[in-house]
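2 protein chains.
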Amino acid sequence: MAKTDKINFSTPSGFPEFLPSEKRLELYLLDTIRRVYESYGFTPIETPAVERLEVLQAKGNQGDNIIYGIDPILPPNRQAERDKAGETGSEARALKFDQTVPLAAYIARHLNELTFPFARYQMDVVFRGERAKDGRFRQFRQCDIDVIARRELSLLYDAQMPAIITEIFEAVNIGDFLIRINNRKILTGFFQSLGIAETQIKTCISIIDNLEKIGETKVKQELEKEGISPENTQKIIDFIKIDGNVDEVLDKLKHLSQNLPTAEQFSLGVTELETVITGVRNLGVPDKRFCIDLSIARGLNYYTGTVYETTLIGHEALGSICSGGRYEELVGMFIGEKMPGVGISIGLTRLISRLLKAGILKTLPATPAQVVVVNMQEDLMPTYLKVSQQLRQAGINVITNFEKRPLGKQFQAADKQGIRFCVIIGTDEAAAQKSSLKDLQTGEQVEVALADLAAEVKHRLEL
Amino acid sequence: MAKTDKINFSTPSGFPEFLPSEKRLELYLLDTIRRVYESYGFTPIETPAVERLEVLQAKGNQGDNIIYGIDPILPPNRQAERDKAGETGSEARALKFDQTVPLAAYIARHLNELTFPFARYQMDVVFRGERAKDGRFRQFRQCDIDVIARRELSLLYDAQMPAIITEIFEAVNIGDFLIRINNRKILTGFFQSLGIAETQIKTCISIIDNLEKIGETKVKQELEKEGISPENTQKIIDFIKIDGNVDEVLDKLKHLSQNLPTAEQFSLGVTELETVITGVRNLGVPDKRFCIDLSIARGLNYYTGTVYETTLIGHEALGSICSGGRYEELVGMFIGEKMPGVGISIGLTRLISRLLKAGILKTLPATPAQVVVVNMQEDLMPTYLKVSQQLRQAGINVITNFEKRPLGKQFQAADKQGIRFCVIIGTDEAAAQKSSLKDLQTGEQVEVALADLAAEVKHRLEL
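Residue numbers (the working numbering), protein chains in the order written: chain A, 1 to 463; chain B, 1 to 463.
Structural data, given as structure tokens:
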């Protein structure tokens with residue numbers, strides 16, 4: 001066969017793909033995340049990869065996200081179809097860059113078909129045309145949940161989020177983590193009480209949000225550059241550095257809220273935070289899993305209340321592994337309705353890539369097969385096929401070796417792929433309705449009646 | 001909140017999205033398909049949605065598939081970045097239109113990291129810029145398996161495919177179906193024996209492949225238009241209409257193969273077909289599930305041996321719900337190696353859309369929740385949260401009602417979403433560590449100790 005010459009078959013820069021052992025890890029994580037999301041009643045949706053450009057740009061290009069437009073590649077003699085199909089100009093289409101704007105569009109499209117509060121999860125891939133660097137991808141999967149109400153949304157939905165984060169990261173066993181909780185009303189209220197102008201507050205919040213990244217000195221400089229007085233700057237630094245256990249911080253906040261001038265927003269934020277913390281505890285989340293961190297704000301300006309970040313202890317440099325918060329004016333944008341919501345997002349592709357690099361996660365075996373039925377004699381193939389089917393019907397994943405190779409090679413190949421068991425049947429075994437079951441992990445080999453084989457394998461696999 | 005005016009928030013034409021009840025059905029089908037694929041040892045991969053355009057076009061635009069190019073939408077002052085990033089010209093990128101060309105690229109990219117025979121499944125969405133009509137989508141999900149070898153690939157892999165198709169469609173319970181099996185070597189060999197020129201054979205095969213769609217008269221006309229003599233045309237028609245049970249057809253073919261002149265390809269095809277059929281039977285597929293249909297060829301010219309189509313009995317107009325076959329020169333294209341493979345594909349998005357319309361499949365309840373813990377008294381919320389968590393830890397999906405509404409409304413809302421059970425706890429029940437469990441399907445209400453609640457719900461759900 002002639003080689004197709006000169007074609008660069010590598011993936012385009014920034015578009016990652018996984019080997020089977022990595023993809024299987026991703027599926028395991030997706031299954032776990034989905035199981036936890038569903039256990040809280042979140043229901044799945046998927047929006048198309050492609051939306052109208054005007055929909056994606058309705059809120060402006062969120063941050064610096066560069067959107068990919070799409071356009072059919074037509075041969076010269078079919079250009080007319082493009083214009084007929086109305087696929088350009090006002091009908092321009094592009095790839096989604098997040099799942100929030102599409103959620104807003106989804107809600108507008110199906111308003112009367114959905115039940116509110118609408119609790120949905122969505123684990124699609126999104127696309128951003130950024131320069132591929134620093135482990136950033138141009139295509140990546142996000143695992144989002146949001147719950148949206150048409151009027152009021154109980155703060156207990158905010159309390160569920162840390163419970164969900166805890167269950168997921170405990171289930172996947174990546175070590176200790178800490179969910180840092182704050183409420184943007186507390187920050188806004190605190191800045192108001194210092195007499196800082198409303199127009200400056202969002203900028204100031206963005207600056208302190210960078211405390212961990214840029215350090216205290218830099219935060220001070222940037223605040224002063226914004227025109228904040230040295231005295232207020234120091235007050236801000238002292239405030240966001242308040243620490244202690246959850247109850248101590250709540251006490252300090254309640255005390256402050258009685259003493260701050262014009263503290264309405266501040267008090268509201270403290271009350272909200274206390275309600276959320278009480279809910280988190282009632283949901284059984286252990287105290288070691290969460291804290292109040294007054295420097296957490298989430299850069300995105302749409303958050304209006306509770307905000308979360310999650311840090312892997314001992315791996316703080318990885319940044320937040322799960323973040324989110326509450327917003328008021330985000331998903332109702334297409335229908336002109338205030339729809340309060342709260343949500344979190346796990347940037348799964350980046351997370352896997354970083355956790356694999358850091359050695360925190362390990363890939364899975366390259367195949368889901370748990371058993372290989374080896375090929376000893378071609379004439380026994382009907383038996384091999386029958387035994388394979390019996391094992392499969394019992395829920396076991398089986399490869400039947402159709403290739404005739406030396407037995408040692410067959411064991412070796414199975415072991416290399418991480419398959420645990422080989423089933424060996426020769427003429428004598430077949431006649432006696434028996435098999436030899438070889439455990440490649442221990443080297444042990446036992447004789448098992450064919451009738452008991454599935455039960456024996458399941459027992460050993462702890463299925 | 002001001003409405004974002006004049007934005008057309010509908011999905012772009014041809015880009016479908018599902019309601020939760022439909023997406024849950026899709027996930028159920030994906031889970032089932034994946035379980036069966038994995039039980040035969042197929043391992044998951046996912047290739048990026050985006051490939052280099054030259055990769056996608058390496059085999060020419062397969063059929064009439066129109067490819068979508070992608071291009072970052074940059075503000076005027078950042079156009080230079082596009083050129084720097086080298087994203088145009090020879091680096092042009094586009095959305096994948098199938099999973100076969102990307103599989104070939106994947107194998108080229110990871111040749112030394114994969115174990116052969118390489119059995120992979122892939123359930124990604126693909127994109128085709130066709131006119132959206134006739135239930136055709138521009139974005140749709142395909143569930144493909146292929147097994148690829150570097151030299152020889154046993155015909156028993158071909159035999160596994162009907163077993164896999166059978167298990168999937170029996171599991172999802174869509175009624176009777178028939179897998180129609182043929183071998184293109186038989187067709188090629190038969191045309192050769194009639195003295196039809198090699199250059200005409202592929203065209204003739206494409207024509208007879210349309211027998212079901214265009215009827216016998218039209219097939220005759222088209223063959224004669226190709227220059228096939230009326231005598232040969234009649235022989236072809238008689239041949240592809242050979243019917244009977246599998247053994248009868250095999251007997252007829254074997255008889256023919258002894259009598260046809262220059263029947264080498266023909267005999268080879270018959271031997272292959274017989275080997276495959278024997279394998280299918282040894283794998284326990286009941287005879288009612290498959291037949292030999294000599295008119296099946298699969299339009300795509302890359303198939304070289306076994307071919308499959310699957311018809312839903314009583315719904316033949318839906319067309320084939322699962323098709324595939326064996327090929328020799330497809331996935332080795334980027335490395336210039338002959339790599340025999342065999343695969344099948346389920347066009348899931350289209351299948352769901354058609355089966356829902358035909359009433360063959362039904363959507364699932366709009367939420368995965370199985371239980372609602374109703375809100376009777378706000379002050380009992382800590383109990384509601386605790387009970388909800390106990391149920392979740394037992395593997396039950398639970399919504400806690402945070403909103404205080406009349407009990408009847410809470411039952412109604414749960415029932416409307418297809419949730420089966422409500423857990424009712426008032427002051428007395430809480431004090432006695434009990435609850436009332438209401439079955440919304442039967443109306444029955446029983447008293448259950450909180451300690452037994454999870455077990456009782458699981459029992460009733462048959463979990």
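Note that beta-carbon positions come from the ideal geometry of N, C-alpha and C, so glycine has one too.
query, result
"What does a CB cutoff of less than 8 angstroms around B:Asn-183 pick up in its chain, not counting 5 residues either side in sequence?", "Gly-269, Val-270, Glu-272, Leu-273, Val-276, Gly-305, Thr-306 and Val-307"
"Name the chain B residues whose beta carbon is nearer than 7 angstroms to that of A:Phe-15?", "Pro-48 and Val-50"
"Terminal residues of the continuous beta strand (DSSP E) containing B:Glu-309?", "303-312"
"Assign A:Val-146 to buried or exposed, taking buried as 16 or more other Cβ atoms, counted over all protein chains shown, within 10 Å of its Cβ.", "It is worth fixing the name first, because residue 146 of chain A is Asp in this sequence and not Val. The residue is buried, with at least 16 neighbouring Cβ atoms inside 10 Å."
"Can we say the segment 71-78 of chain B touches the segment 27-39 of chain A, given the rule of at least three CB pairs closer than 8 angstroms?", "no"
"Under three-state DSSP, which class holds A:Gly-189?", "helix"
"Comparing C-alpha positions only, which one of B:Leu-450, B:Ile-424 and B:Ala-431 sits nearest to B:Glu-444?", "B:Ile-424"
"From B:Arg-281 to B:Leu-355, what distance separates their C-alpha atoms?", "29 angstroms"
"Looking only at its chain, what residues have a beta carbon closer than 6 angstroms to the beta carbon of B:Ala-369, apart from the 5 residues adjacent to it on each side?", "Asn-397, Ile-399 and Ile-419"
"For chain A, is any of its Cβ atoms less than 8 angstroms away from the one on B:His-255?", "no"
"Taking 8 angstroms as the cut-off, decide whether the C-beta atoms of B:Val-371 and B:Leu-391 are in contact.", "yes"
"Indicate whether at least one CB of chain A lies closer than 8 angstroms to the CB of B:Lys-386.", "yes"
"Quick check on the burial criterion: 16 or more other C-beta atoms within 10 angstroms. Buried or exposed for A:Thr-199?", "exposed"
"Using a cut-off of 8 angstroms between C-beta atoms, extract the partners of A:His-459 located in chain B.", "Under the 8 angstroms cutoff, chain B gives no residues; its nearest Cβ is about 18 angstroms from A:His-459."
"Give the single residue among B:Asn-210, B:His-110 and B:Leu-19 whose Cα lies nearest to the Cα of A:Phe-9.", "B:His-110"
"Roughly how far, in whole angstroms, is the beta-carbon of A:Thr-470 from the beta-carbon of B:Thr-43, given that I think they are within contact range, below 8 angstroms?", "Examination of residue 470 of chain A is not possible in this model, given that chain A is present from 1 through 463 alone."
"Could you tell me which residues DSSP pairs with A:Asn-183 in its beta bridges?", "A:Thr-306"
"For a quick check, are the C-beta atoms of B:Ile-33 and B:Ile-196 less than 8 angstroms apart?", "no"
"Within the chosen definition, does the segment 325-332 of chain A reach the segment 212-228 of chain A through at least 3 CB pairs nearer than 8 angstroms?", "no"
"Helix, strand or coil for B:Ile-196? Go by DSSP, reduced to three states.", "coil"
"Do B:Arg-298 and B:Asp-209 have their C-beta atoms within less than 8 angstroms of each other?", "yes"
"In three-state terms, what does DSSP make of B:Phe-137?", "coil"
"Taking the C-alpha atoms as reference points, what is the distance between B:Arg-460 and B:Lys-438?", "11 angstroms"
"With B:Met-161 and B:Ile-344 assumed to form a contact (beta carbons below 8 angstroms), what rounded beta-carbon distance in angstroms separates them?", "5 angstroms"
"In chain order, which alpha helix (DSSP H) runs of at least 4 residues are fully inside the segment 11-53 of chain A?", "20-39"
"With 9 angstroms as the C-beta to C-beta threshold (strictly closer), list the residues of the segment 323-356 of chain A near chain B in chain order.", "Glu-328, Glu-329, Gly-332, Met-333, Phe-334, Ile-335, Gly-336, Glu-337, Lys-338 and Met-339"
"State buried or exposed for B:Pro-20, treating a residue as buried only when at least 16 other CB atoms are found within 10 Å of its CB.", "buried"
"Let me see if you follow: with CB-CB separation under 8 angstroms, is B:Val-373 close to chain A or not?", "no"
"Do B:Lys-404 and B:Glu-378 count as a contact pair if the criterion is CB distance below 8 angstroms?", "yes"
"In the segment 426-439 of chain B, which residues sit with their C-beta less than 9 angstroms from some C-beta in chain A, listed in chain order?", "none"
"Nearest chain A C-beta to B:Phe-97 closer than 8 angstroms, yes or no?", "no"
"What residues in the segment 405-419 of chain B have a beta carbon less than 9 angstroms from any beta carbon of chain A?", "Ala-413, Lys-416, Gln-417 and Ile-419"
"Output, in chain order, the set of chain A residues within a Cβ distance shorter than 9 angstroms of B:Lys-362.", "Simply none; closest approach about 16 angstroms."
"Compute the Euclidean distance between the alpha carbons of B:Leu-330 and B:Thr-311, then round it to the nearest angstrom.", "26 angstroms"
"Assuming B:Asp-58 contacts A:Ile-7 under a Cβ cut-off of 8 angstroms, what Cβ separation, rounded to an integer in Å, is found between them?", "According to the sequence as given, residue 58 of chain B is Ala; it is not Asp. About 5 angstroms separates the two Cβ atoms, so the contact holds."
"Contact between the segment 118-125 of chain B and the segment 97-107 of chain B: three or more CB pairs below 8 angstroms?", "yes"
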